[in-house]
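**Student:** The structure is given below, and queries will be raised subsequently.
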Amino acid sequence: MPATLNGRPFYTTHAIGDYAIQFVDEMTQSNDPFLLYVAFNAPHYPLQAPEEAVKKYDGLYNKGWDQLRKERHARQIESGLLPAKWKLSPRPEHVPAWDSLSVEEQEWEASRMEVFAAMVDVLDQNVGRLVAHLKAKGEFENTLFLFCSDNGACPFERTRGRNLKPWDPKSYWTYDASWAHAGNTPFRLYKQNQHEGGISSPLIVHWPAGLKTESGSITDQPGHLIDLMATFIDVGNADYPEQIGNRTIDPLQGKSLMPILLGEQREPHDELYFHFSSDRALRQGDWKLVSAKLGRWELYNMKDDRTELNDLSKVHPERVEQMATEWFRMAEEVDRLKGKQLAPVGTKIKSLDFRKDTSNQLKTKN
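Spelled out as structure tokens, the structure:
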């Protein structure tokens, strides 16, 4: 028999919403500032959602990923989210054209994204429940919301139980690189990669009593998740400790987002360092150095080419060398990497290929 919680079938997103509301009740019993970290696991795989939520999106993705990317990119430009000069990255070789699929495969692929959409919908409903509760408590106006997705869309095909419905607890659906490429519109590559498709995360900020920016405005000032701790300390008038007990605390690396929230120009980071497994990147100002799976360093100007289509590494080899040296310094001295994690990059670009199986196959090209 399926588990139940609060009189309804158990679904993790609902449970997280329930506990978030409970924690608000506990924290608002005093006048102290409170911090609530609501870590929804949705819409991470496995793709599972209540039946009524999934059926709400029946047929919505029948047009496929190619058309979806074009439409999303057009809306991004029209809304002002992206400048038109950032071109839409092309469909990579390992993603088949939607029109090349059989009708049966198109139906299967579309059904996967219907479940993903349902998961986002239910998550949104639970954020709405939390907002309504904060309003009822009189805390809404002076609560700073930072709503952030994590890494880029995931390309791994790990579906088990394709014959099972996504509201069956025994099901385990995922989507693969094809939908992940659409999910990362207009960027290249995916979760775990340090190209923009893997590290560009949307952040929505809401704070009626504190924000000084125009409603609906968009900032182009770069920020990083490490800035959240510094922001919380700033907003809460707290102190960051140098030591707790016998343990020395690493220096705070982030910079408060408050100047941006107040409509000001923030002093930017000198550099931002990125690393996951054998994927690497370093950003200095508008310049970004990046390597995928120990492939050779690529260099991009983020101001002109944030979709990373015009590699300038051969035009500015001295900058590549300088930034690569700094990446290794930070990797060793700050990230404390050792051994194989400090291996040099290769001489060719490596690209992911998911066409044959579910492992991270690699192809190389000059």
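For the sequence shown, the residue numbers in the numbering used here are 129 to 494. Built from N, CA and C at the ideal position, the CB exists for glycine as well.
1) Drop a sphere of 10 angstroms on the beta-carbon of Leu470, count the other beta-carbons inside from all chains shown, and report buried for 16 or more, exposed for fewer.
2) Comparing the CB of Ile361 with every heavy atom of the ligand GDP, is any distance shorter than 6 Å?
3) Using 8 Å as the Cβ pair cut-off and three pairs as the minimum, do the segment 301–309 and the segment 210–228 touch?
4) Smallest Cα separation from Asp252: which of Gly145, Gln393, Asn134 and Ser419?
5) Are there 16 or more other CB atoms within 10 angstroms of the CB of Cys276, so buried, or fewer, so exposed?
6) Determine the DSSP secondary structure at Lys191, reduced to helix, strand or coil.
7) Using the C-alpha atoms, what's the distance from Met451 back to Asp355?
8) Sort Arg464, Ala238, Ser345 and Phe284 by Cα distance to Asp378 and report the nearest one.
9) Any beta carbon from chain C within less than 7 Å of Phe244's own beta carbon?
10) Enumerate in chain order the residues of its own chain whose CB-to-CB distance from Pro336 is below 7 Å, with the five nearest sequence positions on each side excluded.
11) Residue range of the beta strand (DSSP E) that Asp407 falls in?
12) Which of the three DSSP states is assigned to His403 in this structure?
13) Can you tell me which of Trp425, Arg434, Lys466 and Val462 puts its alpha carbon nearest to the alpha carbon of Arg447?
14) Please list, in chain order, all residues of the same chain as Arg197 whose beta carbon is under 6 Å from its beta carbon, the five residues on each side excluded.
15) Bridge partners for Ile332 per DSSP, in chain order?
16) Confirm, please, whether the CB-CB distance from Lys383 to Lys421 is below 7 Å.
17) Determine, using beta carbons only, whether Phe138 and Ala131 come nearer to each other than 7 Å.
18) By Cβ distance below 8 Å, which residues in the same chain neighbour Val72 in space, the five residues on each side in sequence not counted?
19) What does the alpha-carbon distance come out to for the pair Trp295 and Lys416?
20) In whole angstroms, give me the CA-to-CA distance for Glu242 and Gly208.
21) Residues bridged to Thr376 by DSSP?
22) Suppose contacts are defined by Cβ-Cβ distances below 7 Å. Is Pro283 in contact with Ala246 by that definition?
**Tutor:** For this structure:
1) exposed
2) The model on display carries no ligand, and the ligand GDP is accordingly not part of it.
3) yes
4) Gly145
5) exposed
6) coil
7) 22 Å
8) Arg464
9) Looking for chain C here will not work: only one protein chain is present.
10) Glu269
11) Asp407 to Gln412
12) strand
13) Trp425
14) Ala310 and Thr313
15) Phe275
16) no
17) yes
18) One cannot answer for residue 72 here, as it falls past the ends of the chain, which runs 129 to 494.
19) 42 Å
20) 27 Å
21) Gln371
22) no
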